[in-house]
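Trainee: Read in order, the letters of the sequence shown correspond to residues 0 to 302 in numbering that gives the first Met the number 0.
Questions regarding the structure given below will be posed in turn.
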Amino acid sequence: MPSIIEAASLSKNFGRVRALDGLELDVTEGEVHGFLGPNGAGKSTTLRVLLGLIRASGGATSVFGLDPWRDSVAVHRRLAYVPGDVDLWPGLTGGEAIDLLTSLRGGADEALRAELVDEFEFDPRITARNYSKGNRQKVALIAAFARPAELYLFDEPTSGLDPVMEAVFRRRVERVVAGGATVLLSSHILSEVEQLCDRVTIIRAGRTVETGSLSDLRHLTRTTFSAVTAADVAAVAALSGVHDARREGEKLVFEVDTDALPPVLAALAGSGVSGLTVAPPSLEDLFLRHYGDDLARGSGRSA
């Protein structure tokens, strides 16, 4: 499929701070692409470059084959954007804010707008100064979905929403993608990414560290086993691909590399197992393995 977004060796400096350091990103037409990394990794900076809000310091970037800085007006006609912290005009009602935002892209589909207001359980008559964070997010989400776009850029879009509204958002993403749209989703809700995304790009310190489908990236994680068995801990720990084997009461708990699963399962079957729980690898495991040290130290740079 053709690429909708391309970034090659993308860099951005803010004075002496290097926010992006050779980042690579490729988002193909019709996919939902997850964009992950800890706070300060450079996700929001990348999105601002793609939106033409700031100019890259180096590298090449294109959206729809256009330069987002030089051709920002043409690019914005074809996309919708939702930030993670929405600021609204305090004196406008929510409905007026939605109308203003959608007018920038040619106006809302009124039937779709009404459907979204109902689905997001949103009261458009209240002035923006009286909205909670979640309701401000709803304004931006309704405005984004109320007129079809070719590309949706989401930067922590469900921040402040409850689980019911998060589910509404996921359904809406699935509908626009079914209609042929492309989505770039930056999110800290890893279950959301797992449910929606075809591929993910993980960045750290302004650089791309992994890109691929979720099945491609699961080789970086380990499956956790909890087995009720009399098997010897040392014998299990000696198996190739087994890590951190330990006794927890009557259970033997250990982790297994994905490519070592078949022989470990065979060895475990011969040891007499009366109970077994298997926790498959998740995107959260992958995320923490890449960034656990950074998160523990609380380090990071401005996004």
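Backbone N, C-alpha and C fix where the C-beta goes; we use that ideal spot for every residue, glycine too.
Remember, it's a predicted structure, so these values are computed and weren't measured experimentally.
For the alpha helix (DSSP H) that contains Arg171, what are its first and last residues?
Mentor: Here the question's residue 171 lines up with position 172 in the sequence shown. Start and end: 162-177.
Trainee: Hey, how far is the Cα of Gly106 from the Cα of His75?
Mentor: Locating residue 106 in the sequence shown gives position 107, where the first residue counts as 1. Locating residue 75 in the sequence shown gives position 76, where the first residue counts as 1. Straight-line Cα distance between these residues: approximately 14 Å.
Trainee: Please report the distance separating the alpha-carbon of Ala148 from that of Leu78.
Mentor: Taking the sequence shown and counting its residues from 1, the one referred to as residue 148 is at position 149. Taking the sequence shown and counting its residues from 1, the one referred to as residue 78 is at position 79. About 5 Å.
Trainee: If you pair each beta-carbon of the segment 244-257 with each one of the segment 179-191, do three or more pairs fall below 8 Å?
Mentor: At 8 Å Cβ cutoff, the stretches do not touch.
Trainee: If you check the beta carbons only, do Phe63 and Thr200 fall under 7 Å apart?
Mentor: Locating residue 63 in the sequence shown gives position 64, where the first residue counts as 1. Locating residue 200 in the sequence shown gives position 201, where the first residue counts as 1. Cβ distance not < 7 Å, so Phe63 and Thr200 don't count as in contact.
Trainee: Check whether the segment 103-123 and the segment 137-157 touch, using three or more Cβ-Cβ pairs below 8 Å as the test.
Mentor: yes
Trainee: Would the beta-carbon of Ala317 fall within 7 Å of that of Leu264?
Mentor: This structure cannot settle anything about residue 317, because the visible part of the chain is limited to 0 through 302.
Trainee: What are the boundary residues of the beta strand (DSSP E) that Glu95 is part of?
Mentor: As a working note, residue 95 is residue 96 in the sequence shown. Looking at the DSSP string, Glu95 is not in any beta strand (DSSP E); the run it does join, the alpha helix (DSSP H), is 93-102.
Trainee: Are the beta-carbon atoms belonging to Arg221 and Val255 less than 7 Å from one another?
Mentor: Residue mapping note: residue 221 aligns to position 222 of the sequence shown, counting from 1. Residue mapping note: residue 255 aligns to position 256 of the sequence shown, counting from 1. One thing to note: Arg221 has its Cβ within 7 Å of the Cβ of Val255.
Trainee: Comparing C-alpha positions only, which one of Ala268, Arg17, Ile202 sits nearest to Phe286?
Mentor: By one-based count along the sequence shown, residue 286 stands at place 287. Just measuring C-alpha positions, the residue of Ala268, Arg17, Ile202 sitting nearest Phe286 is Ile202.
Trainee: Can you tell me the Cα-Cα spacing of Val81 and Asp154, whole angstroms?
Mentor: As a working note, residue 81 is residue 82 in the sequence shown. As a working note, residue 154 is residue 155 in the sequence shown. Rounded to the nearest angstrom, the two C-alpha atoms are 6 Å apart.
Trainee: Can you tell me whether Ala145 is helix, strand or coil according to DSSP?
Mentor: Translated into the one-based positions of the sequence shown, residue 145 becomes position 146. Coil, per DSSP.
Trainee: Quick check: what's the CA-CA separation for Leu294 versus Gly36?
Mentor: Translated into the one-based positions of the sequence shown, residue 294 becomes position 295. Translated into the one-based positions of the sequence shown, residue 36 becomes position 37. A caution first: Leu294 carries a pLDDT of 48, below 50, which makes its placement in the model unreliable, though a value can still be read off. One C-alpha to the other measures close to 11 Å.
Trainee: Looking only at DSSP bridge pairs, what is His32 linked to?
Mentor: The residue given as residue 32 occupies position 33 in the sequence shown. According to DSSP, His32 bridges with Leu183, Arg198.
Trainee: Using a Cβ-Cβ cut-off of 7 Å (strictly less than) and excluding sequence neighbours within five positions of Thr44, which residues of its own chain qualify?
Mentor: Position 45 of the sequence shown, counted from the start, is the residue given in the question as residue 44. For Thr44, same chain residues with a beta-carbon under 7 Å away, outside a window of 5 residues either side, are Lys11, Ala18, Leu19, Ala302 in chain order.
Trainee: With burial defined as no fewer than 16 other Cβ atoms inside 10 Å of the residue's Cβ, what is the status of Asp284: buried or exposed?
Mentor: As a position in the sequence shown, residue 284 is number 285, starting the count at 1. Under this definition Asp284 is a buried residue.
Trainee: Any chance the segment 155-172 sits against the segment 0-16, with 3 or more Cβ pairs inside 8 Å?
Mentor: no
Trainee: Quick one: grab the DSSP three-state call for Arg15.
Mentor: Numbered from 1 along the sequence shown, position 16 holds the residue referred to as residue 15. When secondary structure is reduced to three states using DSSP, Arg15 falls in the coil class, being assigned neither helix nor strand.
Trainee: Compare the Cα-Cα distances from Arg174 to each of Ser186, Gly29, Thr207, Leu103 and report the closest residue.
Mentor: Within the sequence shown, numbered from 1, the residue matching residue 174 stands at position 175. For the residues Ser186, Gly29, Thr207, Leu103, the minimum Cα distance to Arg174 belongs to Gly29.
Trainee: Where Glu120 and Asp86 are concerned, what is the direct C-alpha to C-alpha distance, given to the nearest angstrom?
Mentor: The count along the sequence shown starts at 1 and reaches residue 120 at position 121. The count along the sequence shown starts at 1 and reaches residue 86 at position 87. Approximately 20 Å between the Cα atoms of the pair.
Trainee: Return the residue from the list Leu24, Leu52, Gly269, Leu115 that minimises the CA-CA distance to Phe168.
Mentor: The residue labelled residue 168 in the question sits at position 169 within the sequence shown. Of the candidates Leu24, Leu52, Gly269, Leu115, the one whose C-alpha sits nearest the C-alpha of Phe168 is Leu115.
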